[in-house]
Each structure stands twice: as C-alpha cells, then as structure tokens.
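Sequential numbering from 1 applies to the sequence shown in UniProt numbering. Just so you know, even glycine gets a beta-carbon here, dropped at the ideal spot from N, CA and C. So the structure is just underneath, and the comments pick up after that.
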Amino acid sequence: MSALLSDFTPDSHDRDLLLTATRYWDDVLALAVLTPVFWSLCSYFLLPKKHEPGYDLLFASPQRQDGLLSEKEKTSEDARDINRKLNDAATDVVVFWGSQSGRAAQFARQLARELHSNGIAATAEDLDLYDHEHLAQVSRDKVLGFVVSTFGEGDPPDNAAGLWDALREFNKSKTDALSGLRYFVFGLGDSKYEQYNQFALNIDQQLQEAGAQRVGDLGKCDVSKAADDGWMDWKETIMQQVSDLVPARLPKTVASLYEADIDITDLPQDDPALPPALLAAELGRTKVHTAPVSSSRLLSAPGSRAYIHLEFDISAFGPDFTYSTGDHLAVWPMNSDQEISRLAALFGWSPTVLAAPINITARSSTDTTTLALGQTTRLSLLRHHLDIAGPLTVQTVRLLAHFAPTPESKTYLNTLLASSTQVADLTSSHTTLAGVMALSLSSSSDPTPGTSTPITWSNALFPLLLQTLQRIQPRYFSISSSPLCSPDKVSITVGVLTVPVSNTDSTQPTTFFGLASGYLLSLHQTFQTQVQGHGHGHPSPGTTSRSPVSPPTAPTYTLSPPRTPTPTLGSPNAASHGEGSCTAQISLRPSSFRPPTDPTVPVVLVAAGSGVAPFLGFITERAELRRRGGKVGRCLLFFGCRNPTEDFLYGETWEQIRSEHDFLEVETAFSRPGEQGGEEEGKKEKMYVQDKLEERKGEVARLVKEEGGRVYICGGVAMARAVKEGVVGGVEGGGEGFGGCLVNGDGGLVLGGFDGFDDD
C-alpha cells in the first residue's frame, strides 16, 4: 500500500509545477478583476463627462463670463496666436480685457461693438485665451486695446497674469521688441486705494519700454464713484482716434448698438431648467461650498447700526476648506424678493412667466466671444446672477432711453443723459435699475384711459440687460475666528449697510440695504427664528451677544439651496422656512494679512468698527496658546467705535481675555461718546484711533523697533489712510513718528530693515 501511495505523492519537481500553475491562474484572475477597475478609473478621471444642459455654468469662474455669457475654451496653439486671429478673421482691432469682476469685460465688449457699428472690424477677447509672446508679430496696421482692472495691491486680475509675464520678458531683452505695435489702455480702479489703477499704469509702462506706441491718452475710470462717466468720455475720443488709423471696411449701422447678441426662447413647462446657483462649484481655483449657519449673534445695541457675528459649520468640507487666521471668506449674496418683484412687474412678468424655463442661445455674430447660456429661468437670472440692485451706469440708462415705452419716459431718461452728474446722483442716492425705470414712468400718461392696464417695458430690452449689467459678485469678509480654537467653524463680522432713500417712487423701499449685508441680515433673522422655535444655536466661544432682538427687518429672500428647482417667487417652500434655509455659499481666499508665525512677536492692532474682525482671531489664538502653556507676545489693540454701549464689538470677550491673561491691552477711541447719555458723558471729547496712536507713539515705536513687533491696520480706507499719514507724516515732517523709522517706496514702514506694517 505504501508503494501505491508513493506513486501518487508528488515529488519536489511536481510540487514546483503545481505551485507555478496555481500562481499563474491567480495572476490571470487578478488581471481579469483589476483591468476593468483600472479602465473605469481612467474613464472617470480622464474622459469628458456628459452633464445636463447648463451644468458647466456651475463651474465657471467670474473672469470667464460677460454678465452671464461664458467664454470660449482654450483651444489649439494656433488659436492662441493673436496675430493669426487678426489675419484669419480679417480683424483690425482687438480689445483685450483683464477683469476680476466682469466690468472690464463689459466695457471691452461695448467698445468693440461700437467700433464694429462704425464699420471697423473689431472684436473683444479674453487675455487668458492667448499666448502674448505673439504680440511682437502683430502688424503695424492693426491696433490692440487693453481694458483692465487692478486687483489687490496693484496686481493683475487672474486672466491678465499671462500678459504681465510676457511684457516683462520682452523688456528683459532690452530691445524694442514691440516697436511695430500700436495700442491703447483703459483702467478701472478704486481711488480710495493707494494702488489706484496701478495695473493699467504698469502695462502701459511695460509696453512703452518695449517700443510700442500708445494711441490716445491712458484712460481711467473710478469705480468708487459708481458711474461710468470717465469711460464714456474716453470711449468717444478713442473711437475717433482709432477710426483715423484703421480703415472702415464694414457697413456702418446704428441699430446694432441696440441689438442683442443672444436670443431668449420660451420652452415647454416640463423642460428642465438650470438650477439657480451659478455660484455652487468653483471660483477660479477655489471651491465654493454650501455651509450651514451654526451660530448668529447681534453684537450692537438695538437702534444703532447693526453688527452681526455669523458662524458657519465647515466640518463636512474636510481638507477642501482649511483656513488660516487672517484669511478672507467670500460670501455669495442674492437679490431680494422685493427687488425681483419690482423689476418683473415693469416687464409685465407674472410669477408663472418668471418661473417658466427659457433657453438662451448666441446669434451668428462678429462677436465670437459669446456662447449660449443654455436653459434657465428668468427668476434664476434675477435672483442669483444679475446685479439688479447695483450702481447704474450711463450705458444702462442709454439702453433704457432707447427702449422707453412712452414719450415722457424717454424725455426723462434723455434729460438724465444730458448731464454728466445726474446718473451719478441717482447712483449715490441708491436708486436701482427698477427704481429709475419706475421713475421714468411716473410722469407718463395712462395709455388706456379708464382702465388700470400698467405700462410695461419691451422684452427686447432684457437680452441687452443680460449683456450689460454686472453679475452678482461675492463679498469678502475678514475671518474673525482661528482654526486653533475652532477648526470646524469659521466666523465673520458683518456691519449691515442701511441708507435712507429719498429719490424714490411709490414702489421703492425707503431704506436701501447693502446687497450682501442685507442678505446676511436676513440669514441672521431666519436663524434666530429657528433658534427660538427649536432651542438650538448656542454662542460660540469668544463671542458675545448684546441682545437677541434683531435690527430693522431686512428685505425677504427666498433662500433656496443650490441645485434644487427654483421655487416660485414668494411661495412657501422648505428652503425658505425650514432647516435648509440657513445656509450660504462660501469660499475661502488666502490672505497675507496674518499674524506673525512666531507668536512671541509683539503686535500692534489698529481697527475701527467691523475692522476688528481679524483681530478677534489673532487674539483668541494667542489666548488659546497661552492656555495650553505656550509663550505669546504682547498685543496692543487700538479700537475705534462710537461709544461703549452702542458698538464696542466683542467688548466682553476682550475683558474676559484680559482677566485671564496679561498679554492683551485694549485702547478704545470713542468718536461719539456723548450719545450714550448723561451730562458728563456729553462733555467727553471725540477720539479716533489715530489720536490714541499718537498718544502712545513712543511706546509703539519701541515695541516695533526694539522688540521686532508688527503694526496691523484693518478698517475703513479713510481710517487706514489717516493712521498711515499720521505715522509717515511724523517721520517726513521731522517729528518723532515711530522713533525716526524709514519709509519705503510703497508707503509701508521699514523698521530696522523689517517690514512691520500691514493693512487689510
């Protein structure tokens, strides 16, 4: 038997063969399983995906849009050669735009459109769609224009970074590389800031140093004045100068100025409509998230200007939302139901028409920069996309005058246009688009005596408004929390803007609310209603509340979350009244306005009003470090507000930290101390933060020069400028200033070779 068994027992050679065969089939099986998994992953990440119509708009960055119209994608290398574009398309003038918010793009397209109506082959183009090393090959019989905004501290907008890099490369060669180029430049900036129109000045200088010849004067527009008078005057001049250089090869037409480049078509009611959030997915390289409100507090006394502490829960976002102390939070607002209703009534749109699906397509036009928007609703456009409550421009009033429904309204609007200041006056009085449309009709006679038929505006105006009005932009707030104290929550401090409106018709509210702060006030009030109804929403560490009483009622907002069907205007819905309504669209923007990486470095913090927000994060972070046994440097906070009972923001928080730790000192400056009542209080002198800083300038100088401290300023532009002028003026005027420190070229302070001056 043993012999028989030995015949069936594998020897070592047989065992090796058996093991080899087993491993072979194991490998085959593994390959069979892993191959489809591999190709599935490849197809998911590498192959283009098919989405519902309009899905791409949810991922569009602001500088890729003109109003609502998206840009063509980057294509082949030849398509990125502007010289080839000029020759192949028989184009004589290209107006490039560099824009962060979309306004420069609108101006560029307006100029190209009007040049085209004068017979000149012109087009407007996104700077980011071209490789600008090809500028040296542009023929001298062509003209290039650059309409650009300034971002940050004189920086280019995102889509103009490539131009800036190319121009600097041209000038490194020390040759007249662009000697055959003719160009013009127009800049959009805010004169409240030191670097006013700096990027326009920079590219003009770089172009001239490379040998290019400028056509006309460098144009500038001050967007802080909320009108486009500077643009309109410059545009008329540059059009004439370009016309003298470039032959008109196309037929001239006036009608094209008032013809839209898009068509709007009504769709069957059961067609899908674009969800109401353009702002749901991505802002440039920064993701946008839907964040629930976790806490909301009124910081100021009832009856005074409202300041709100809002906190958002970011725990679900993981590594996609990691912030640092001092960063900025972008919040995407929306238009109020009241403003939407007023504008809809002027067009004669019922709630059914507002909510009905429409399709927007581009016409065959020489303006090849616009593409179809796709399917949406008028309500989505008015609520989430068009800035219908924003500043009026001369171009918008011109459109209204052309489409005025009555002779009286046309006369009214043309009278506005006849004066260079009246449109700006309307803007300064916060008259909205619907407001000026209604005002123009207030003197119109009833077209049908004996009836109540209202006068309405032509639907032909609406497509042009889509191309002309600016899109709603995110508002940026300094983050008032620290990730060391609250890694899963982020907070902001909001000063609610309310302005009485005097120039108004009977349908316009008597109080103007800022677009973002009015929206956030409504969010606060909705959250407070939920807290009272459900008993949740506890104060977060480091925040205090004066009172649960809300300030004057904000406009109403239909707070529908993203990617849900658009609710009918004013209709009850779960998003407006339930838990889901207390969410906001937010994104993160890194900032250089951060505390020293070494927490033992002393800091001098200068703030007024809601400008104290980032310093709450600075100080609570150091308090937490001290609580954990770490060493921290001295914090000297200069804080300006009206009086201690009205708007001394986070006063209880400062007192609590001071009682527990010895590193914080707070110097308060009350600008209206007498308003808190009492005869003695009324005798107190007004004080501002710059006055307090002047009193202790020697001590501050020692902190900075001898201990390596830093000075930070955050608040209104006027306050920051006054503080800087006080410090710098003391030096340049021969006074002590900060102990005789030097001043560098851009207005900052160089303290012992150390840049110790930051402003936000």
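Item                                                                                                                                  : Value
Limits of the alpha helix (DSSP H) - the one that Ala-418 falls within                                                                : 407–418
Opening and closing residue of the alpha helix (DSSP H) in which Asn-202 lies                                                         : 198–209
For Asp-155, the three-state DSSP class (helix, strand or coil)                                                                       : strand
Cβ pair count under 8 angstroms reaching 3, the stretch 597–608 against the stretch 483–493                                           : no
Assigned secondary structure, Ile-120 (DSSP; H/G/I helix, E/B strand, else coil)                                                      : coil
Cutoff 6 angstroms; reference Leu-441; Cβ partners in own chain excluding five residues on either side                                : Ser-409 and Ile-455
Integer Cβ distance of Phe-638 from Glu-667, believed to fall under 8 angstroms                                                       : 5 angstroms
Any 3 or more C-beta pairs closer than 8 angstroms across the stretch 234–250 and the stretch 118–126                                 : yes
Assigned secondary structure, Pro-454 (DSSP; H/G/I helix, E/B strand, else coil)                                                      : coil
N-terminal and C-terminal residue of the alpha helix (DSSP H) that Lys-705 is part of                                                 : 697–705
Cβ contact check for the stretch 311–324 and the stretch 333–346: 3 or more pairs under 8 angstroms                                   : no
Span separating the alpha-carbon of Tyr-323 from that of Asp-204                                                                      : 37 angstroms
Alpha-carbon to alpha-carbon, Ala-160 and Ala-136                                                                                     : 18 angstroms
CB-CB length for Gln-395 against Arg-103, believed under 8 angstroms                                                                  : Not quite, the Cβ-Cβ distance comes to about 11 angstroms (not below 8 angstroms), so this is no contact.
First through last residue of the beta strand (DSSP E) which encompasses Gln-585                                                      : 583–589
Bridge-paired residues (DSSP) for Trp-97                                                                                              : Asp-126 and Val-147
Which listed residue (Tyr-557, Gln-530 and Lys-489) has its alpha carbon closest to that of Gly-518                                   : Tyr-557
Per DSSP, cross-strand counterpart(s) of His-309                                                                                      : Arg-297 and Thr-493
Residue interval of the alpha helix (DSSP H) (run including Pro-644)                                                                  : Unbroken run through Pro-644: none, as it is neither H nor E.
For Lys-192 and Ser-659, the rounded distance between their alpha carbons                                                             : 39 angstroms
Straight-line gap, Val-723 to Ile-358 (C-alpha atoms, nearest Å)                                                                      : 53 angstroms
Delimiting residues of the alpha helix (DSSP H) encompassing Arg-622                                                                  : 613–627
C-alpha gap between Leu-521 and Ile-308, whole angstroms                                                                              : 8 angstroms
Local conformation of Asp-263 per DSSP, three classes                                                                                 : strand
Environment of Gln-269 [buried if 16+ CB atoms lie within 10 Å]                                                                       : exposed
Opposing strand residues paired with Gln-213 [DSSP bridges]                                                                           : Arg-182
Where Thr-91 falls, given that 16 or more other Cβ within 10 Å makes a residue buried                                                 : buried
Residue of Asn-643, Leu-515 and Tyr-130 minimising C-alpha distance to Asn-83                                                         : Tyr-130
Cβ-based burial, Gly-162 [other Cβ within 10 Å; buried from 16]                                                                       : buried
Straight-line Cα distance separating Pro-292 from Pro-572                                                                             : Low confidence applies to Pro-572: its pLDDT is 38, below 50, so where it sits in the model is not reliable, and the reading given next is rough at best. For Pro-572 and Pro-292, the distance between alpha carbons rounds to 20 angstroms.
Residues that DSSP places opposite Thr-376 in a beta bridge                                                                           : Ile-358
Euclidean distance between Cα positions of Lys-220 and Thr-427                                                                        : 19 angstroms
Chain-order list of residues whose beta-carbon lies under 6 angstroms from that of Gly-145 (same chain, five-residue window excluded) : Val-95 and Phe-184
Span of the beta strand (DSSP E), counted from its first residue to its last, around Pro-424                                          : According to the sequence shown, residue 424 is Ala rather than Pro. That residue, Ala-424, is in no beta strand (DSSP E); its alpha helix (DSSP H) goes 422–428.
Distance, Asp-81 Cα to Gln-213 Cα                                                                                                     : 21 angstroms
Alpha-carbon to alpha-carbon, Gly-514 and Ser-478                                                                                     : 17 angstroms
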